[in-house]
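Enquirer: Sharing a structure, written as structure tokens. Questions coming.
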Amino acid sequence: MSTHLRKYLRVDKMPHIWCPGCGHGIVLNSLIRAIDQVGLKKENTVVVSGIGCSSRAPGYLDFNTLHTTHGRAIAFATGVKHANSDLNVIVLSGDGDCSAIGGNHLIHAARRNINITTILFNNNIYGMTSGQYSPMTPQDALATTSPYGNAEQPFDICDLVRAAGSTYVARASTYGTKQMIQLITNALAHDGFSFVEALSQCPTYYGRRNKLRTAIDIMNWQKENTISKKAADKLPEEKVAGKIVLGELYRNEDKMEYTKKYDEMVNSVKERELKNE
Ligand SMILES: Cc1ncc(C[n+]2csc(CCOP(=O)(O)OP(=O)(O)O)c2C)c(N)n1
Ligand code: SF4
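If you read the sequence shown in the numbering used here, its first letter stands for residue 4, the second for the next number, and so on.
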């Protein structure tokens, strides 16, 4: 990593805990580049996470960071943003952390359109606890808790978050880092709840059980099973079926951001009180 980007890292916390081939470092690297492009300042940026391999990412970032409890990163982040709406607040979360135990916080943060950027590191598995299936594990995939294949259907988390009210929704993969950097940059610059699903890889607990033994196998899988939104928009639905669509999926600049609305209400109540109304 070039010297000017190293300033964003807590180099003294290296080496990191991630396995060789883990995709989470690629997502973190993309985030750092996006932060640099947007020009976020360390002193007014807070990065919050829950628990998981992905949730260890803020520990390597030289920002104000909060490593909280499993699934509750968005709840803590909401408190931080409420306390000081001038702060840039970023949540880093795993697919288990964000879509299972933390799913309700995600839905309601999206509904409020609070200005928090959430990056969901989707490695399709609970990595830290050795490979249980999550709500984002593909149907039929093998996991410690689905030794004969996962009977459940996964969430399309981007559809869910968009339906809940998020005003910026995008999906990228560790195979396409240029796109990932661009989409995270857009998300950070967006005023409202912004969400990026970052397809990542866990060769250790997902790949090994699912005939995708190495990081390269999983990234090749990403290449073969994804399609850009631009290409998908030009094709009939049946040709896109089964593919994961990457790119900016939704953007709405017109909906009011929650803390702005809240601060407006507080100010108007204060004014009324001053006038003794
Ligand atoms: C309340 C609570 N429940 C369960 C756990 C155990 N736990 C720790 S990490 C984790 C799963 C992490 O998976 P994910 O969020 O997908 O992130 P990854 O490790 O794959 O990056 C679980 C279940 C916990 N720490 N706290
Ligand atoms: S267990 Fe999986 S998610 Fe966790 S560090 Fe290893 S490769 Fe990454």
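Ideal placement from N, C-alpha and C gives every residue a C-beta, glycine not left out. Please read all numbers here as calculations on a predicted model, not as lab measurements.
Does DSSP put histidine 70 in a helix, in a strand, or in coil?
Expert: If DSSP states are grouped into helix, strand and coil, histidine 70 belongs with the strands.
Enquirer: Going by the DSSP bridge assignment, what does isoleucine 54 pair with across the sheet?
Expert: Its beta-bridge partners do not exist; DSSP assigns none.
Enquirer: Just to confirm, are serine 57 and histidine 27 a CB contact at a threshold of 7 Å?
Expert: Against a cut-off of 7 Å, the Cβ pair of histidine 27 and serine 57 comes out as a contact.
Enquirer: Can you tell me whether DSSP reads serine 102 as helix, strand or coil?
Expert: If DSSP states are grouped into helix, strand and coil, serine 102 belongs with the helices.
Enquirer: Alpha helix (DSSP H) containing glutamate 240: first to last residue?
Expert: That run of the alpha helix (DSSP H) goes 240-243.
Enquirer: If you measure from each CB to the nearest heavy atom of ligand 2 and keep those under 6 Å, what residues do you get, in chain order?
Expert: Qualifying residues come out as Trp21, Cys22, Cys25, His27, Cys56, Asn126, Gly130, Met131, Cys205, Pro206, Thr207 and Tyr208.
Enquirer: Using only the alpha-carbon positions, how far apart do asparagine 189 and tyrosine 209 sit?
Expert: Cα-Cα distance, rounded: 30 Å.
Enquirer: Where does arginine 275 land, buried or exposed, given buried means 16+ other C-beta within 10 angstroms?
Expert: Exposed, because fewer than 16 other Cβ atoms sit within 10 Å of the Cβ of arginine 275.
Enquirer: Does DSSP put glutamine 40 in a helix, in a strand, or in coil?
Expert: If DSSP states are grouped into helix, strand and coil, glutamine 40 belongs with the helices.
Enquirer: Among residues of its own chain, excluding the 5 on either side of alanine 37, which ones have a beta-carbon nearer than 7 Å to its beta-carbon?
Expert: The answer, listed in chain order, is Ile184, Ile187, Thr188 and Leu191.
Enquirer: Mind checking which residues open and close the beta strand (DSSP E) that includes asparagine 91?
Expert: Counting along the chain, the beta strand (DSSP E) containing asparagine 91 begins and ends at 91-97.
Enquirer: Quick one: is the Cβ of serine 102 within less than 6 Å of any heavy atom of ligand 1?
Expert: For ligand 1, not one heavy atom lies less than 6 Å from the Cβ of serine 102.
Enquirer: If tyrosine 129 and serine 149 are in contact, beta carbons under 8 Å, what's the gap, nearest whole angstrom?
Expert: Tyrosine 129 to serine 149, Cβ: 12 Å. No contact.
Enquirer: Straight-line CA distance for alanine 76 to asparagine 153?
Expert: When rounded, the distance between both Cα atoms is 27 Å.
Enquirer: For arginine 13, I'd like the list of residues in its chain whose CB is within less than 8 Å of its CB, leaving aside the five on either flank, ordered along the chain.
Expert: These residues qualify, in order along the chain: Gly62, Tyr63, Leu64 and Asp65.
Enquirer: How many angstroms separate the CA atom of aspartate 89 from the CA atom of valine 272?
Expert: Approximately 21 Å, taken between the alpha carbons.
Enquirer: So what does threonine 120 bridge to, in DSSP terms?
Expert: Its beta-bridge partners are Ile93 and Ser197.
Enquirer: Do isoleucine 104 and histidine 70 come within 7 Å of each other at the CB atom, strictly closer than that value?
Expert: Not a contact, by the Cβ cut-off of 7 Å.
Enquirer: Using a Cβ-based criterion (distance less than 6 Å to any ligand heavy atom), does glycine 245 qualify as near ligand 1?
Expert: No, the Cβ of glycine 245 stays beyond 6 Å of every heavy atom of ligand 1.
Enquirer: Along the beta strand (DSSP E) that carries leucine 215, what are the first and last residues, could you check?
Expert: Looking at the DSSP string, leucine 215 is not in any beta strand (DSSP E), and its letter there is neither H nor E.
Enquirer: May I ask you to report which of helix, strand or coil DSSP gives threonine 147?
Expert: Correct three-state label for threonine 147: coil.
Enquirer: With the cut-off set at 7 Å, would you say alanine 80 and valine 94 are in Cβ contact?
Expert: Closer than 7 Å, so yes.
Enquirer: When you measure from the CB of histidine 73 to every non-hydrogen atom of ligand 1, does any distance come out below 6 Å?
Expert: Yes, the beta carbon of histidine 73 sits closer than 6 Å to at least one heavy atom of ligand 1.
Enquirer: For arginine 59, which residues in the same chain have their Cβ closer than 6 Å to its Cβ, ignoring the five residues on either side in sequence?
Expert: Ile20.
Enquirer: Please report the Cβ distance between isoleucine 160 and methionine 139, rounded to the nearest whole angstrom; I am assuming they are in contact, meaning their Cβ atoms lie under 8 Å.
Expert: Correct: roughly 6 Å between the Cβ atoms.
Enquirer: For glutamate 289 and serine 133, I'd like the C-alpha separation in whole angstroms.
Expert: Given a span of 4 to 280 for the chain in the structure shown, any question on residue 289 remains unanswerable.
Enquirer: Shorter than 6 Å, the distance from the beta carbon of glycine 106 to the closest heavy atom of ligand 1, or not?
Expert: No, ligand 1 has no heavy atom inside 6 Å of this Cβ.
Enquirer: Determine the DSSP secondary structure at glutamine 135, reduced to helix, strand or coil.
Expert: Strand at glutamine 135.
Enquirer: In the DSSP assignment, find the alpha helix (DSSP H) that holds valine 14 and state where it starts and stops.
Expert: First-last for valine 14: undefined, no H or E at that position.
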